[in-house]
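Participant: Residue numbers (the UniProt record's numbering): 1 to 490. Ideal Cβ positions, reconstructed from N, Cα and C, are used throughout, including at glycine. From a predicted model like this one, the values you see are computed outputs, not experimental measurements.
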Amino acid sequence: MVEDARAIDYSLDCAHNSLCDLDKLHNPDETSILEEYSINWTQKLGAGISGPVRVCVKKSTQERFALKILLDRPKARNEVRLHMMCATHPNIVQIIEVFANSVQFPHESSPRARLLIVMEMMEGGELFHRISQHRHFTEKQASQVTKQIALALRHCHLLNIAHRDLKPENLLFKDNSLDAPVKLCDFGFAKIDQGDLMTPQFTPYYVAPQVLEAQRRHQKEKSGIIPTSPTPYTYNKSCDLWSLGVIIYVMLCGYPPFYSKHHSRTIPKDMRRKIMTGSFEFPEEEWSQISEMAKDVVRKLLKVKPEERLTIEGVLDHPWLNSTEALDNVLPSAQLMMDKAVVAGIQQAHAEQLANMRIQDLKVSLKPLHSVNNPILRKRKLLGTKPKDSVYIHDHENGAEDSNVALEKLRDVIAQCILPQAGKGENEDEKLNEVMQEAWKYNRECKLLRDTLQSFSWNGRGFTDKVDRLKLAEIVKQVIEEQTTSHESQ
1 MVEDARAIDY SLDCAHNSLC DLDKLHNPDE TSILEEYSIN WTQKLGAGIS GPVRVCVKKS
61 TQERFALKIL LDRPKARNEV RLHMMCATHP NIVQIIEVFA NSVQFPHESS PRARLLIVME
121 MMEGGELFHR ISQHRHFTEK QASQVTKQIA LALRHCHLLN IAHRDLKPEN LLFKDNSLDA
181 PVKLCDFGFA KIDQGDLMTP QFTPYYVAPQ VLEAQRRHQK EKSGIIPTSP TPYTYNKSCD
241 LWSLGVIIYV MLCGYPPFYS KHHSRTIPKD MRRKIMTGSF EFPEEEWSQI SEMAKDVVRK
301 LLKVKPEERL TIEGVLDHPW LNSTEALDNV LPSAQLMMDK AVVAGIQQAH AEQLANMRIQ
361 DLKVSLKPLH SVNNPILRKR KLLGTKPKDS VYIHDHENGA EDSNVALEKL RDVIAQCILP
421 QAGKGENEDE KLNEVMQEAW KYNRECKLLR DTLQSFSWNG RGFTDKVDRL KLAEIVKQVI
481 EEQTTSHESQ
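The following block contains the structure:
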């Protein structure tokens with residue numbers, strides 16, 4: 001259990017229950033996740049709109065799982081409910097169990113009710129990462145991945161559930177083996193499709209035309225430009241099929257079919273126009289060796305009118321997914337995705353909107369994309385060196401992000417000091433040294449932290465004497481408060 005954590009704003013209140021049964025989400029008993037799992041609060045598998053996904057270990061079996069933590073709200077319970085409904089399929093990430101506990105993080109003044117979702121561990125990484133690791137990623141492999149994604153979507157759609165945020169980051173491989181299955185995750189935007197999907201939840205590169213139209217009409221109605229319709233414009237599960245078409249396109253060539261050449265804080269008009277008209281190309285340089293079958297499935301999925309778009313059954317029956325041809329041509333996508341800037345150019349644009357995407361009716365901002373700074377266009381069209389001003393722009397845009405990272409590293413120190421860890425003894429001391437090195441790297445200018453480390457016999461690589469962890473955590477908490485005040489004043 002947590003040792004006297006009353007002085008620290010980072011604790012786990014063991015007051016609620018593990019929820020194996022979906023119905024129990026409404027009436028949890030009183031059991032702590034710490035009775036069954038050890039949680040590594042500093043090891044993060046990835047980050048999302050609701051915070052990082054962490055690692056937890058089942059005490060009885062020592063098996064590793066992924067742990068996602070959501071504020072316990074109706075929207076979060078709906079996400080868990082829909083994910084649980086779909087999670088029986090082999091191509092959808094499994095939910096092992098769910099706990100309802102009160103959790104307090106360093107920046108919070110009091111505990112807050114949260115859902116702790118224990119999921120199967122996906123060791124193989126995201127789709128783009130996997131492709132970049134295979135320098136000889138073939139068209140046949142792309143068709144096999146597509147089939148698994150389509151099977152996962154069909155399962156959701158048979159349950160009348162639209163995922164609404166289908167993108168490569170939400171497609172994970174079980175492990176690093178060659179035949180590892182790919183699985184769909186993150187049901188944060190999912191919704192029961194009763195023909196009334198109106199809220200424009202989406203990620204820009206993968207948004208379907210009718211979703212943009214729903215957003216446009218909803219914003220005009222809200223601002224009074226047009227009268228509110230008694231029969232509002234809606235969209236349905238076919239928006240997932242459009243997203244699938246975009247994913248296939250990216251898998252095959254390494255860049256999206258729709259992008260903008262102009263700066264904009266919202267989806268630019270030219271990009272919106274391309275999506276609304278379904279205007280895209282198959283540039284000869286990357287597409288000359290890709291089969292007509294693959295191009296055909298992309299064309300039929302990127303139809304603007306939902307009724308003309310391939311159904312999920314049509315995708316699964318398409319010759320490209322069932323071809324006996326070798327299709328052993330190596331795709332250009334693997335080479336492009338070895339450049340991390342290309343992946344970041346596609347993925348970072350999504351991450352920057354995710355905070356807004358859970359809030360209804362807000363305009364969706366998009367990372368500026370143009371022919372100089374967009375790594376996708378730079379890779380394809382300029383084929384030259386990085387512009388001289390790009391580093392300055394990057395540093396300028398990420399100043400606030402660097403500050404957040406610095407504070408996050410300090411919170412990791414607090415977590416290491418006061419939360420139960422999977423390891424004990426020397427391993428725990430080594431881990432504390434590691435997280436402190438990271439915190440020091442990002443907070444070297446902080447005099448309070450420098451003085452604190454000197455008083456705790458810090459030699460730059462580790463503590464030479466035994467550390468009073470609770471005392472260290474309390475001082476680091478003061479450092480966070482000081483740094484936060486400093487950033488706000490700036």
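For C56, I'd like the list of residues in its chain whose CB is within less than 8 angstroms of its CB, leaving aside the five on either flank, ordered along the chain.
Facilitator: If we look at C56 and ignore the five residues flanking it on each side, its Cβ neighbours are I33, Y37, S38, I39, N40, R64, F65, A66, L67 and V118.
Participant: Taking the alpha helix (DSSP H) that G51 falls in, what are its first and last residues?
Facilitator: Careful: G51 lies outside any alpha helix (DSSP H), inside the beta strand (DSSP E) at G51 to K58.
Participant: Taking a contact to mean a Cβ-Cβ separation below 7 angstroms, would you say V98 touches V80 in this structure?
Facilitator: Yes; because the gap between Cβ atoms is below 7 angstroms, this pair is in contact.
Participant: Looking only at C-alpha atoms, which of R135, K447 and G125 sits nearest to M338?
Facilitator: Selected option, being the one with the closest Cα: R135.
Participant: For the 8 angstroms Cβ check, are there 3 or more pairs between the segment 432-442 and the segment 403-414?
Facilitator: The segment 432-442 vs the segment 403-414: in contact.
Participant: In the DSSP assignment, what residue or residues form a beta bridge with R309?
Facilitator: None, per the DSSP bridge assignment.
Participant: Which residues in the same chain as F456 place their Cβ atom closer than 7 angstroms to its Cβ, once the five residues preceding and following it in sequence are excluded?
Facilitator: Contacts found: F463, V467 and L472.
Participant: Pick helix, strand or coil for K477, following the three-state DSSP scheme.
Facilitator: Three-state result, K477: helix.
Participant: For M85, which residues does DSSP report across the bridge?
Facilitator: M85 pairs with nothing; no bridge assigned.
Participant: For G46 and K303, what's the separation of their Cα atoms in angstroms?
Facilitator: Spanning the two alpha carbons is a distance of roughly 33 angstroms.
Participant: Check each candidate in S323, S243, S291 and E428 and name the one with the smallest Cα separation from T311.
Facilitator: Checked all of S323, S243, S291 and E428; the closest Cα to T311 is S243.
Participant: Closest by CA to L153, which one among C185, F173, E126 and I95?
Facilitator: The option with the nearest alpha carbon to L153 is C185.
Participant: On the CB-based measure, 16 or more other CB atoms within 10 Å of its CB, does T88 come out buried or exposed?
Facilitator: Classification of T88: exposed, given that the 10 Å Cβ count is below 16.
Participant: Run through DSSP, which three-state label would T452 get?
Facilitator: The answer is helix: DSSP assigns T452 an H, G or I state.
Participant: Check each candidate in N170, N322 and D465 and name the one with the smallest Cα separation from D83.
Facilitator: According to the sequence displayed, residue 83 carries His and not Asp. Out of N170, N322 and D465, N170 has the C-alpha closest to the C-alpha of H83.
Participant: Using only the alpha-carbon positions, how far apart do A113 and A100 sit?
Facilitator: Those two C-alpha atoms are separated by around 7 angstroms.
Participant: So, using beta-carbon positions, are L327 and K191 closer together than 7 angstroms?
Facilitator: Result no, Cβ atoms of L327 and K191 do not sit closer than 7 angstroms.
Participant: What residue does the beta strand (DSSP E) around L241 start on, and which one ends it?
Facilitator: Element bounds for L241: not the beta strand (DSSP E) but the alpha helix (DSSP H), S238 to C253.
Participant: For C253 versus E286, is the C-beta spacing smaller than 7 angstroms?
Facilitator: A contact, by the Cβ cut-off of 7 angstroms.
Participant: Between M122 and K174, which are expected to be in contact by the criterion C-beta below 8 angstroms, what is the C-beta distance as a whole number of angstroms?
Facilitator: 6 angstroms between Cβ atoms; contact.
Participant: According to DSSP, L440 sits in a beta bridge with which residue or residues?
Facilitator: According to the sequence provided, residue 440 is Trp. The question's Leu does not apply to it. Paired residues: none, contrary to the question.
Participant: When you compare only the Cα positions, how much space is there between E321 and G314?
Facilitator: In the sequence as displayed, the identity of residue 321 is Leu instead of Glu. Going by the C-alpha atoms only, they are around 10 angstroms apart.
Participant: Quick check on DSSP: helix, strand or coil for E108?
Facilitator: Coil.
Participant: Q43 to P52, Cα distance in whole Å?
Facilitator: For Q43 and P52, the distance between alpha carbons rounds to 9 angstroms.
Participant: Exposed or buried, D465, counting other C-beta atoms within 10 Å across all chains shown (16 or more means buried)?
Facilitator: Looking at its Cβ environment, which holds fewer than 16 other Cβ atoms inside 10 Å, D465 is exposed.
Participant: Taking buried to mean at least 16 other C-beta atoms within 10 Å of its own C-beta, is E126 buried or exposed?
Facilitator: E126 is buried by the Cβ-count criterion.
Participant: Consider the Cβ of D296: report whether some Cβ of chain C lies at a distance smaller than 7 angstroms.
Facilitator: Protein chains in the displayed structure number just one, and chain C is not present.
Participant: Mind checking which residues open and close the alpha helix (DSSP H) that includes K183?
Facilitator: Premise fails: K183 lies in the beta strand (DSSP E), V182 to L184, not in any alpha helix (DSSP H).
Participant: In the DSSP output, which residue or residues are listed as bridge partners for L70?
Facilitator: Paired residues: L115.
Participant: Suppose the cutoff is 7 angstroms on Cβ atoms and the five residues either side in sequence are ignored; what does the same chain contact list for K305 look like?
Facilitator: Answer for K305: no residue qualifies.
Participant: Taking F173 as part of the beta strand (DSSP E), name the residues at either end of that continuous run.
Facilitator: Run containing F173: L171 to F173, per the beta strand (DSSP E) assignment.
Participant: What's the gap between the Cα of residue 526 and the Cα of L116?
Facilitator: The question about residue 526 has no answer here: the residues shown for the chain are numbered 1 through 490.
Participant: I'd like to know whether the C-beta atoms of M293 and P257 end up nearer to each other than 7 angstroms.
Facilitator: No; because the gap between Cβ atoms is not below 7 angstroms, this pair is not in contact.
Participant: Near T146, what residues of its chain come up, given a Cβ to Cβ distance below 7 angstroms and the 5 sequence neighbours on each side ignored?
Facilitator: Closer than 7 angstroms at the Cβ level, and outside the excluded window around T146, lie I248 and L321.
Participant: Shortest alpha-carbon distance to I414 belongs to which of F128, V479 and L316?
Facilitator: Answer by Cα proximity: V479.
Participant: Exposed or buried, what is S132 when buried is set at 16 or more other beta-carbons lying within 10 Å of its beta-carbon?
Facilitator: When all chains shown are included, S132 counts as buried.
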